[in-house]
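In the order they appear, the protein sequences are chains A and B. Just so you know, we're using this note's numbering here: the first sequence kicks off at 1 and counts up by one. Just so you know, we're using this note's numbering here: the second sequence kicks off at 1001 and counts up by one. Backbone N, C-alpha and C fix where the C-beta goes; we use that ideal spot for every residue, glycine too. Keep in mind it's a predicted model, so treat the numbers as computed, not measured. Before any comments, here is the structure.
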Amino acid sequence: MMNRLFEKGRMKYIFALLVFAIGQLLVVTGYLNDYLFSTLTTLCINIILAVSLNLITGFTGQFSLGHAGFMSIGGYVCALISMRIPTVPGFLLGVLTGALAAAFVGFIVGLPTLRLKGDYLAIATLGMAEIIRIIFLNLKITNGAAGLNGIPQFVDWMWLSLFTFSSIILISNFIRSAHGRACVSIREDEIAAESIGIHATKYKVTAFVIGAFFAGIAGGLYASYFYFLRPTLFGFSRSIDILVIVVLGGIGSLSGSVIAAILLALISTYLQAFPELRMVFYAVALVVIMIVRPQGLMGSKELSLDLLKGFGRKRQRGGS
Amino acid sequence: MNKVLDVRKLSKSFGGLAAVTAVNLHLNKGELVGLIGPNGAGKTTCFNLLTGIYEPDKGSISLHRDGQEYSLEKRKPHEICRLGVGRTFQNIRLFRDLTVLDNVRTAMNRTVKYGLFSALFHIGSYHREERELIEKSMELLKIFELDGKALELAKNLPYGEQRHLEIARALATEPALLLLDEPAAGMNPAETAQLTRTIEWIRKRFDLTILLIEHDMSLVMKICERVYVLDYGMLIAEGTPEVIKNNPRVVKAYLGEVAYA
Ligand SMILES: Nc1ncnc2c1ncn2[C@@H]1O[C@H](COP(=O)(O)OP(=O)(O)OP(=O)(O)O)[C@@H](O)[C@H]1O
Ligand SMILES: [Mg+2]
Chain A
1 MMNRLFEKGR MKYIFALLVF AIGQLLVVTG YLNDYLFSTL TTLCINIILA
51 VSLNLITGFT GQFSLGHAGF MSIGGYVCAL ISMRIPTVPG FLLGVLTGAL
101 AAAFVGFIVG LPTLRLKGDY LAIATLGMAE IIRIIFLNLK ITNGAAGLNG
151 IPQFVDWMWL SLFTFSSIIL ISNFIRSAHG RACVSIREDE IAAESIGIHA
201 TKYKVTAFVI GAFFAGIAGG LYASYFYFLR PTLFGFSRSI DILVIVVLGG
251 IGSLSGSVIA AILLALISTY LQAFPELRMV FYAVALVVIM IVRPQGLMGS
301 KELSLDLLKG FGRKRQRGGS
Chain B
1001 MNKVLDVRKL SKSFGGLAAV TAVNLHLNKG ELVGLIGPNG AGKTTCFNLL
1051 TGIYEPDKGS ISLHRDGQEY SLEKRKPHEI CRLGVGRTFQ NIRLFRDLTV
1101 LDNVRTAMNR TVKYGLFSAL FHIGSYHREE RELIEKSMEL LKIFELDGKA
1151 LELAKNLPYG EQRHLEIARA LATEPALLLL DEPAAGMNPA ETAQLTRTIE
1201 WIRKRFDLTI LLIEHDMSLV MKICERVYVL DYGMLIAEGT PEVIKNNPRV
1251 VKAYLGEVAY A
């Protein structure tokens, strides 16, 4: 019993290495052409964004519509730094500083707004993302509406997979810790959580800051791969796109977010051939999935890698 | 006798409705005290005031623990819990989509020492402390015969077991004072008898002081040493169950309208 309750979870590292190795093989052998690699990059960035938003919205129950705002902070900071230090260390410094800047803004914004509930919080975070966008639109250093061009490109498969897997693993680790369980209990019932000694505001802010940090990482990768940034890239619709992935995959399921991101990437890649019908099909696919599975593809369940270890040993992990 | 809880002139109104008016009550260490009264008398509101869910309009609440005195009126619910006050809710408030184990384990968070960094990287004392948490939770669940259902979702437990789990979750916070809001509500006589035994047992085992709201008079008369009676937010009587039973005001306000077992 004890061993069954207590998970070591080394499988995920093996799995991550395996995916990296396969990807690397495809890159080296040239199967992964530029077009596919750009799709893959978008996919990985979406995964990081969705997984980090899921921590805030799915696991902690705080409805946020401002994730694009955090992404843009990470993007601009990373761009500005790596344009001045156009080396790999400069790129890494940029990504990390961008993520920290996003986390800092998350803290400043989260402290007052996370006292709000439901719809009010959604509006407040939406407003925050708009303010951030307008700041970037008017700053000299970010070159206003024209944006930044010629950001040095350092994103290859190694960095992409490293950042993506680290984001997933760290957030999943957090959720399976006492701190993560405190966040989930707030989603379940805030009054009950407080009554067992959980400082709800503190944990909401913690989840918000961690989520903002990883959205910042995603922004940094975006800036460095697509080498140009404009404020319009980070509007309301991007926040919604991220939310769609989270809801589609299942509120409170990290593997759901990953699967949904992959699924949507596949759908939009296949629809590439029909540009005029693409958005229609995309929307119809969303509606159909939500009607068939309103709880999202995975509900709040996780796809457990332990299944690989022994089939038939079914296990339910809920939100923890 | 040393007091654990001392409440003076506690008042709370909602709009024009005086839900609790100038209530004085105290609990001595180790006592099991009942709080009774007809529907809408203000019992649950008292609990919500004691646990910081509402802020009192007037009055003081002081908690005595380890030779220290803490006033609770201005504190947040999580602080009050950390000072040693645990509670259950009249309409069960479990973490429904979490497992039985997680419900209890989350309530032990206060004992966790590892920080955010260890949580993110699963390093440091993470693995050791997590194992200890599981062991301690399973021990507690065993008392309520819930250890066999540790991995079931709370919402899938039968009603009686949900009530037990909520008590287990409150105990996991290591309270000195336990507030139970109608723990026997919705239980059949056999389940109530079982619950009565459990309450008496945990009281000794965990050295608890208990304040209990209950409509089931057989339970109150059987295990409570003293009883407070509320009516329209005001205390109308106080004393041993024997005395309360024969108090004409109580009979008029309360016992008269409830089938008395
Ligand atoms: N949050 C609130 N807002 C407005 N009125 C409230 C609130 N909470 C309680 N009340 C009112 O205060 C009065 C006392 O309610 P309370 O829940 O404390 O009664 P109770 O003694 O627990 O009753 P019961 O036996 O039915 O549980 C009731 O009239 C109730 O409607
Ligand atoms: Mg009540």
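Pair within 7 Å by beta-carbon distance, residue i and residue j
i, j, result
"residue 195 of chain A", "residue 1077 of chain B", "yes"
"residue 22 of chain A", "residue 258 of chain A", "no"
"residue 181 of chain A", "residue 61 of chain A", "no"
"residue 197 of chain A", "residue 58 of chain A", "no"
"residue 1220 of chain B", "residue 1146 of chain B", "no"
"residue 211 of chain A", "residue 114 of chain A", "no"
"residue 125 of chain A", "residue 65 of chain A", "yes"
"residue 82 of chain A", "residue 74 of chain A", "no"
"residue 249 of chain A", "residue 299 of chain A", "no"
"residue 1216 of chain B", "residue 1237 of chain B", "no"
"residue 1166 of chain B", "residue 1045 of chain B", "no"
"residue 79 of chain A", "residue 151 of chain A", "yes"
"residue 1098 of chain B", "residue 1083 of chain B", "no"
"residue 1250 of chain B", "residue 1034 of chain B", "no"
"residue 160 of chain A", "residue 44 of chain A", "yes"
"residue 192 of chain A", "residue 1093 of chain B", "yes"
Simplified DSSP assignment, three categories, for residue i
i, result
"residue 1097 of chain B", "coil"
"residue 1205 of chain B", "helix"
"residue 1108 of chain B", "coil"
"residue 1136 of chain B", "helix"
"residue 1150 of chain B", "coil"
"residue 24 of chain A", "helix"
"residue 1068 of chain B", "strand"
"residue 130 of chain A", "helix"
"residue 1012 of chain B", "strand"
"residue 1228 of chain B", "strand"
"residue 164 of chain A", "helix"
"residue 199 of chain A", "coil"
"residue 1252 of chain B", "helix"
"residue 1197 of chain B", "helix"
"residue 1026 of chain B", "strand"
"residue 102 of chain A", "helix"
"residue 1157 of chain B", "coil"
"residue 171 of chain A", "helix"
"residue 319 of chain A", "Confidence in residue 319 of chain A is poor, its pLDDT being 37 and thus under 50, which makes the residue's placement unreliable; the coordinate value appears in the next sentence. The answer is coil: DSSP assigns residue 319 of chain A none of H, G, I, E or B."
"residue 140 of chain A", "coil"
Burial state of residue i (16 or more Cβ within 10 Å)
i, result
"residue 1155 of chain B", "exposed"
"residue 1158 of chain B", "exposed"
"residue 1055 of chain B", "exposed"
"residue 1186 of chain B", "exposed"
"residue 68 of chain A", "buried"
"residue 231 of chain A", "buried"
"residue 1068 of chain B", "exposed"
"residue 31 of chain A", "exposed"
Supposed contact pair residue j and residue i - C-beta distance, whole angstroms, cut 8 Å
i, j, result
"residue 137 of chain A", "residue 127 of chain A", "About 15 Å separates the two Cβ atoms, so there is no contact after all."
"residue 1061 of chain B", "residue 1010 of chain B", "7 Å"
"residue 1173 of chain B", "residue 185 of chain A", "With 8 Å as the limit, residue 1173 of chain B and residue 185 of chain A do not qualify as a contact, their Cβ atoms being about 12 Å apart."
"residue 1042 of chain B", "residue 1233 of chain B", "4 Å"
"residue 215 of chain A", "residue 71 of chain A", "5 Å"
Chain B contact for residue i (CB, 7 Å cutoff)
i, result
"residue 69 of chain A", "no"
"residue 253 of chain A", "no"
"residue 168 of chain A", "no"
"residue 308 of chain A", "With a pLDDT of only 45 at residue 308 of chain A, under the threshold of 50, the placement of this residue in the model should not be trusted, and no figure is reported."
"residue 314 of chain A", "Below a pLDDT of 50, predicted positions are generally treated as unreliable, and residue 314 of chain A, at 41, falls in that range; the measurement from the model is reported next regardless. For residue 314 of chain A, the answer is no, since every Cβ of chain B falls outside 7 Å of its Cβ."
"residue 188 of chain A", "yes"
"residue 197 of chain A", "yes"
"residue 302 of chain A", "no"
"residue 54 of chain A", "no"
"residue 174 of chain A", "yes"
"residue 181 of chain A", "yes"
CB contact below 7 Å: residue i versus chain A
i, result
"residue 977 of chain B", "Residue 977 of chain B cannot be examined here, being either before or after the span of chain B that is shown, 1001 to 1261."
"residue 948 of chain B", "Outside the displayed range of chain B (1001 to 1261) lies residue 948 of chain B, so it cannot be described from this structure."
"residue 1164 of chain B", "no"
"residue 1259 of chain B", "In this predicted model, residue 1259 of chain B has a pLDDT of only 45, less than 50, meaning its place in the structure is not dependable enough to derive any value."
"residue 1120 of chain B", "yes"
"residue 1212 of chain B", "no"
"residue 1251 of chain B", "no"
"residue 1081 of chain B", "yes"
"residue 1087 of chain B", "yes"
Residue i: CB within 6 Å of a non-hydrogen atom of ligand 4
i, result
"residue 1124 of chain B", "Ligand 4 is absent from the structure shown, which contains only ligand 1 and ligand 2."
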